[in-house]
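These notes are about the structure you will find just below.
In the numbering used here, the protein residues as written are -16 to 231.
This is how it looks when you write it as structure tokens:
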């Protein structure tokens, strides 16, 4: 069994809760689909926690911490510059190791049989392209993305979990009993967000795969503690703490 996590965004309380939940299920293979940092108050701790995972991808916020943010709103931009300053000011042997880790992260991962793709954004633009539930009505966009997928694609970036089918359906996890059986149909599956859920549910989201069975999981964590840390950091917008309580 494999666990897929994404969009941690410097939320160490959420990441800790999710990793403990994964461990309680006896799962020892974990993939991270990017955005380890950005928005949240504990970038160093989150990077340290994912360094030894089985696979980790680069997210757009991770890239922005390495270089410069492009297309970010003002709050996200301030947060990433603050994140970079924290990483730069860190001392000890782990400080350089964090930069090396982020700099070596790949943008895409393929399974050995090349049937399954793992990205942060989309198969077409693995770093930056959003695929939202409403995109099922954008046939041109979806057909072009599906054409690049051999069988299955797991992704994050939107923070909204669910299943996109080639028949232009979006299946909300709640509507399918939090389970989906993989078959011959091409699908894109968004695993949701560990550190900043945005589907009106404040609980962390992640996915497990057991043979062909995909299971969506939600995990409670102390979002008030994370929000309190954000409120105490002037460079982080208070909205970044408020949204954790509302899952938006």
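Where a beta carbon is used, it is the ideal one built from N, C-alpha and C, also for glycine. Only a predicted model underlies this, so the values are computations on that prediction, with no experimental measurement involved.
Compute the distance between the beta-carbons of residue i and residue j, then report whether it is under 8 Å.
| i | j | result |
| --- | --- | --- |
| residue 17 | residue 45 | yes |
| residue 99 | residue 135 | yes |
| residue 149 | residue 124 | no |
| residue 103 | residue 43 | yes |
| residue 161 | residue 199 | yes |
| residue 202 | residue 62 | no |
| residue 177 | residue -2 | yes |
| residue -11 | residue 27 | no |
| residue 213 | residue 89 | no |
| residue 109 | residue 91 | yes |
| residue 183 | residue 230 | yes |
| residue 196 | residue -4 | no |
| residue 37 | residue 13 | yes |
| residue 21 | residue 47 | yes |
| residue 228 | residue 206 | yes |
Quick one: Cα of residue i to Cα of residue j, how far?
| i | j | result |
| --- | --- | --- |
| residue 39 | residue 217 | 30 Å |
| residue 128 | residue 115 | 13 Å |
| residue 120 | residue 97 | 28 Å |
| residue 144 | residue 156 | 7 Å |
| residue 219 | residue 166 | 43 Å |
| residue 222 | residue 7 | 33 Å |
| residue 172 | residue 2 | 20 Å |
| residue 179 | residue 35 | 22 Å |
| residue 33 | residue 83 | 13 Å |
| residue 41 | residue 31 | 15 Å |
| residue 313 | residue 163 | Outside the modelled stretch of the chain, which goes from -16 to 231, sits residue 313, for which no answer is possible. |
| residue 70 | residue 133 | 38 Å |
| residue 225 | residue 210 | 7 Å |
| residue 65 | residue 111 | 21 Å |
| residue 122 | residue 141 | 19 Å |
| residue 74 | residue 55 | 28 Å |
| residue 130 | residue 60 | 33 Å |
| residue 147 | residue 117 | 10 Å |
| residue 187 | residue 68 | 27 Å |
| residue 49 | residue 154 | 35 Å |
| residue 11 | residue -16 | 8 Å |
| residue 189 | residue 19 | 14 Å |
| residue -6 | residue 29 | 7 Å |
Does residue i come out as helix, strand or coil in the three-state DSSP assignment?
| i | result |
| --- | --- |
| residue -15 | strand |
| residue 33 | helix |
| residue 204 | coil |
| residue 14 | strand |
| residue 75 | coil |
| residue 44 | helix |
| residue 106 | coil |
| residue 26 | helix |
| residue 227 | helix |
| residue 211 | helix |
| residue 181 | coil |
| residue -9 | coil |
| residue 219 | coil |
| residue 169 | coil |
| residue 84 | helix |
| residue 60 | helix |
| residue 51 | coil |
| residue 67 | helix |
Per DSSP, which one or two residues make a beta bridge with residue i?
| i | result |
| --- | --- |
| residue 233 | The requested residue 233 does not occur in the structure, where the chain is confined to residues -16 to 231. |
| residue 150 | For residue 150, which the question treats as bridged, DSSP gives no partner whatsoever. |
| residue 92 | 101 |
| residue 191 | -14 and 198 |
| residue 163 | 197 |
| residue 39 | 15 |
task: List in chain order: all unbroken beta strand (DSSP E) runs of 3+ residues lying wholly within the region 109 to 160.
output: 135 to 138 and 145 to 148
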